[in-house]
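Residue numbers (UniProt numbering): 1 to 347.
Virtual Cβ for every residue (Gly too), placed ideally from N, Cα, C.
Encoded structure:
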């Protein structure tokens, strides 16, 4: 009898990780590493875990990490390590080979925290509204909102609203990076402009964005081009931890539905993700803040905005496709979408 008690005690000891391996707010754990944590006072308790079938986590490359570390003592305002030749070559290589790249530390801790506060203030002031879907290749067709498909709150800014704020500083940095990348990547050589900055908050509670593509177009080829050539996302989640959700899941462009995803990107503060790929936003269990930009190919954008009999005929087909999409999402996710008729494109 005594031996059985000792055996059970030994098994319990094996199944319990050291106390210092658990976060301070974890109250339970099991042998496979699931920890029950409370995200914020009054919020739901959720298990932090990672799907064993999930794709690998994508982070900054070893070379970029080394360049960032080597520049740690230099003033961030005067030495932008990410536009050195070594960094640019590596970023271009990753975009060419993998369709995505992660760059950490572009703003610096203090500016990132300042921008996070600015976005939180916008949300508290009611400046962020439910995001819209569809709109067609030109952005002017019927759009709709459906929280089960896309649950973020957004607003658009050009960086001139508050000249002394942190957003203009970020826009200058990322615009400079893209400008320096253009000679190194054929896909970027037609870029002459970008969208305004879309500031977004996924407000927890499982808010997400289902799999989609920002531009159903292969480097200017195809009849669904809208001009968006490259997407850049900056994350502002200073307190993000595993289990908070909201990861960016990247897929190979034009991959069939059954193809496994390429990678997951954790939405860490001061992290910039550049990508061409299809993607989705995994459910968020805590607020997830981000700033998104789209860089436009001039000729492709011009063609997307072209008018005439052919374009009008295509518009009718797009309207029918959007209605079919709404019905499909309502059937799959329940609820009803709110339709918003023709509107001007946000650029």
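Rounded straight-line distance, which links the Cα of residue 269 to that of residue 280: On the chain shown, residue 280 is found 280 positions in, with the first residue counted as 1. On the chain shown, residue 269 is found 269 positions in, with the first residue counted as 1. Spanning the two alpha carbons is a distance of roughly 19 Å.
So, using beta-carbon positions, are residue 172 and residue 157 closer together than 9 Å? The residue given as residue 172 occupies position 172 in the chain shown. The residue given as residue 157 occupies position 157 in the chain shown. Contact flag unset, no.
Fill in: For residue 170, the three-state DSSP class (helix, strand or coil)
Position 170 of the chain shown, counted from the start, is the residue given in the question as residue 170. Assignment of residue 170 by DSSP, reduced to helix, strand and coil, places it in the helix class.
Nearest by alpha-carbon distance to residue 99: which of 261, 266 and 287 is it? The sequence position of residue 99 within the chain shown is 99, counting from 1. For the set 261, 266 and 287, the Cα lying nearest the Cα of residue 99 is the one of 261.
Cβ atoms of residue 291 and residue 234: under 9 Å apart, would you say?
By one-based count along the chain shown, residue 234 stands at place 234. By one-based count along the chain shown, residue 291 stands at place 291. Against a cut-off of 9 Å, the Cβ pair of residue 291 and residue 234 comes out as a contact.
Here's the rule I'm using: 16 or more other beta-carbon atoms within 10 Å means buried, otherwise exposed. How should residue 187 be labelled? As a position in the chain shown, residue 187 is number 187, starting the count at 1. Buried: at least 16 other Cβ atoms inside 10 Å.
**Prompt:** Got a sec, what are the start and stop residues for the beta strand (DSSP E) residue 78 sits in?
**Reply:** Working through the chain shown from its first residue, we reach residue 78 at position 78. Counting along the chain, residue 78 falls outside any beta strand (DSSP E), and DSSP gives it neither H nor E.
Determine the extent of the beta strand (DSSP E) in which residue 155 is found, giving its start and end residues.
-> Indexing the chain shown from 1 puts residue 155 at position 155. In this chain, the beta strand (DSSP E) harbouring residue 155 covers 153 to 157.
Just mark residue 257 as buried or exposed, buried being the case when its beta carbon has 16 or more other beta carbons within 10 Å.
Sequence index remark: in the chain shown, residue 257 carries index 257 (1-based). Exposed.
Practice problem: With DSSP collapsed to three states, give me the class of residue 195. | Solution: Along the chain shown, read from residue 1 onward, the residue named residue 195 stands at position 195. For residue 195, the three-state secondary structure derived from DSSP is coil.
Quiz item: For residue 84, which three-state DSSP category applies?
Solution: Indexing the chain shown from 1 puts residue 84 at position 84. Coil.
Quiz item: If we count the other Cβ atoms within 10 Å of its Cβ and call it buried at 16 or more, is residue 116 buried or exposed?
Solution: Locating residue 116 in the chain shown gives position 116, counting from the first residue. The residue in question, residue 116, is buried, as its Cβ has 16 or more Cβ neighbours within 10 Å.
Query raised in the report: Would you call the stretch 83 to 97 and the stretch 109 to 123 in contact, with 3 or more CB pairs under 8 Å?
Result: With the cut-off at 8 Å, the stretch 83 to 97 and the stretch 109 to 123 do not touch.
Helix, strand or coil at residue 263 according to DSSP, with G and I counted as helix
As a first step, residue 263 must be located in the chain shown, where it is residue number 263. DSSP, read as helix, strand or coil, puts residue 263 in strand.
* Through-space distance from residue 286 to residue 83, alpha-carbon basis -> Mapped onto the chain shown, residue 83 falls at position 83. Mapped onto the chain shown, residue 286 falls at position 286. Each residue's alpha carbon lies about 33 Å from the other.
Q. So what's residue 160 in DSSP terms, helix, strand or just coil?
A. Locating residue 160 in the chain shown gives position 160, counting from the first residue. Residue 160: coil per DSSP, three-state reduction.
Check your understanding: Are the stretch 83 to 92 and the stretch 60 to 70 in contact at 8 Å, needing three or more beta carbon pairs?
Key -> Result yes; three or more Cβ-Cβ pairs closer than 8 Å.
Residue 101 - partner residues in DSSP beta bridges:
As a position in the chain shown, residue 101 is number 101, starting the count at 1. According to DSSP, residue 101 shares a beta bridge with 274.
Let's test the definition: count the other Cβ atoms within 10 Å of the Cβ of residue 193 and tell me whether it reaches 16, buried, or not, exposed. Taking the first residue of the chain shown as position 1, residue 193 is located at position 193. Under this definition residue 193 is an exposed residue.
**Report entry** Top-ranked residue by Cα proximity to residue 197, from 55, 259, 293 and 237
**Finding:** To locate residue 197, count along the chain shown from 1; it is residue 197. Ranking 55, 259, 293 and 237 by Cα distance to residue 197 puts 293 first.
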